[in-house]
Amino acid sequence: MLHLAPRITEAATYIRDLCPITPRAGIILGSGLGNFSSQLESTTTIPYADIPGFPAGSNVIGHKRELLCGTVEGVPVVTMAGRFHYYEGYPIDNVAFPVRVMKKLGIEVLVVSNASGGLNPKYKSADVVILDDHINLMFRNPLIGVNDENLGPRFPDMSSPYDPELIEQAKKIARENDFEAHTGVYGAMTGPTYETRAEYRMLRTLGADMVGMSTVPEVIVAVHEGLRVLALSAVTNLCRPDQLEETSGQEVVDAASIAEPKMTKIVRGVLAGL
Ligand code: HPA
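For the sequence shown, the positions run 3 to 276 when this note's numbering is used.
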């Protein structure tokens, strides 16, 4: 990873030239928060393709490919409209590379959103889940390779990757706004297939409350970089092994858009409290 530092600096310098704010938070908009961009004020938009060192494009339905700088609740933020997924063919460290660039720009907090399949039988479609832990079933780790001690430790602690204070704040915001937000464990699979019945059964047995194809690489790098992380998931399909219905990408996007106003309330509230 020693080669990383100059690449991070080059990308961050390019972004800073176009957008001379120091962001306090970075936000990765997954399927659950795709339209959050409209919440930003005084926005500068930078296509990923223009940023030196950034992986090229993201082409998942409901995902764009732009970095946005602006303010939300008066807080300067940098926002990724569209993320990189391992299943698109990017090396796993590239999937999480933008997190390092956002840290270089000055963020202290990373907010990540995603869509997921609900394994916990209590979950309903379009429910919001605040991640309080994960299981990395991608079996790929973005920190593999030579470690740059200037970026973070060789063996990062993972006892609490999701910031307990931010989780509490998120729960409080949901309560104050009269909607339910669960806390749960996210199981990360590579995709791009959705899972079989037997795999959903396995994931539940292992202790996952929901399953998705993103987030964990970015969270691992955020922990490596010493960032406080909040991750929110929109439950888009119910994974009941014994009565499983077909899942489509469109169904996932549609259910995520129902969850989006709740996710937006949480993100705005958390940012306002920074
Ligand atoms: N599995 C994996 N990823 C997902 C799912 C799912 O069921 N739903 C949304 N993203």
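Beta carbons: idealized from backbone N, C-alpha and C, even for Gly.
Starting from residue i and walking both ways along the beta strand (DSSP E), at which residues does that stretch end?
i, result
"M191", "Neither: M191 is in no beta strand (DSSP E) and is coded neither H nor E."
"R242", "Careful: R242 lies outside any beta strand (DSSP E) and carries neither H nor E."
"A46", "The residue you asked about is not Ala; residue 46 is Thr in the sequence shown. Note, T46: beta strand (DSSP E), E43 to P49."
"I132", "V130 to N138"
"M215", "First-last for M215: undefined, no H or E at that position."
"G119", "V111 to G120"
"G76", "Per DSSP, G76 belongs to no beta strand (DSSP E) and is neither H nor E."
Nearest to residue i by alpha carbon, out of the options?
i, options, result
"K173", "R26, P54 and V269", "V269"
"T198", "F141, I23, T249 and L112", "T249"
"F157", "E68, I222 and G72", "I222"
"C21", "P100, K124 and L107", "L107"
"G214", "L69, H87, P78 and G72", "H87"
"H5", "V148, G84 and S216", "V148"
"D150", "H226, P163, E90 and V77", "H226"
"D135", "A190, L153, N96 and L112", "A190"
"D211", "V113, P25 and A117", "A117"
"H184", "P123, V74, R85 and M82", "P123"
Could you check whether the Cβ of residue i sits closer than 7 Å to any heavy atom belonging to the ligand HPA?
i, result
"T207", "no"
"Y125", "no"
"N138", "no"
"V231", "no"
"G275", "no"
"E90", "no"
"E197", "yes"
"A210", "no"
"M191", "yes"
"A261", "no"
"N122", "no"
"M215", "yes"
"N239", "yes"
"V221", "no"
"T249", "yes"
"A117", "yes"
"V269", "no"
"V254", "yes"
In the DSSP assignment, find the unbroken alpha helix (DSSP H) run with residue i in it and report its ends.
i, result
"V8", "Correcting the residue identity first, residue 8 is Pro in this sequence and not Val. That run of the alpha helix (DSSP H) goes L6 to L20."
"V103", "F99 to L107"
"I29", "Careful: I29 lies outside any alpha helix (DSSP H), inside the beta strand (DSSP E) at A27 to L31."
"L145", "Taken as a continuous stretch (DSSP letters only), L145 belongs to no alpha helix (DSSP H), as it is neither H nor E."
"E280", "Because the chain in this structure spans residues 3 to 276, residue 280 falls outside the shown range and cannot be described."
"E170", "P166 to E178"
"P308", "Beyond the ends of the chain as shown, which are 3 and 276, falls residue 308; an answer cannot be given."
"T24", "Note, T24: premise wrong, no alpha helix (DSSP H); not H, not E."
"R270", "G251 to A274"
Could you round the C-beta distance between residue i and residue j to whole angstroms and report it? I think they count as a contact, below 8 Å.
i, j, result
"L133", "Y188", "5 Å"
"G120", "L208", "Going by Cβ atoms, the distance from G120 to L208 rounds to 15 Å, so no, they are not a contact pair."
"V255", "S33", "6 Å"
"M265", "L35", "5 Å"
"A128", "A257", "5 Å"
Measuring CB atoms only, is the region 12–20 touching the region 224–235, in the sense that at least three cross pairs come out at less than 8 Å?
Using a C-beta cut-off of 8 Å, the region 12–20 makes no contact with the region 224–235, since fewer than three inter-stretch Cβ pairs fall below that distance.
Would you check if there are 3 or more beta carbon pairs closer than 8 Å linking the region 140–154 to the region 252–267?
Too few Cβ pairs lie closer than 8 Å, so no.
Touch check for the region 39–54 and the region 168–182: three-plus C-beta pairs under 8 Å?
By the C-beta criterion, the region 39–54 is judged not to be in contact with the region 168–182, since fewer than 3 inter-stretch pairs fall below 8 Å.
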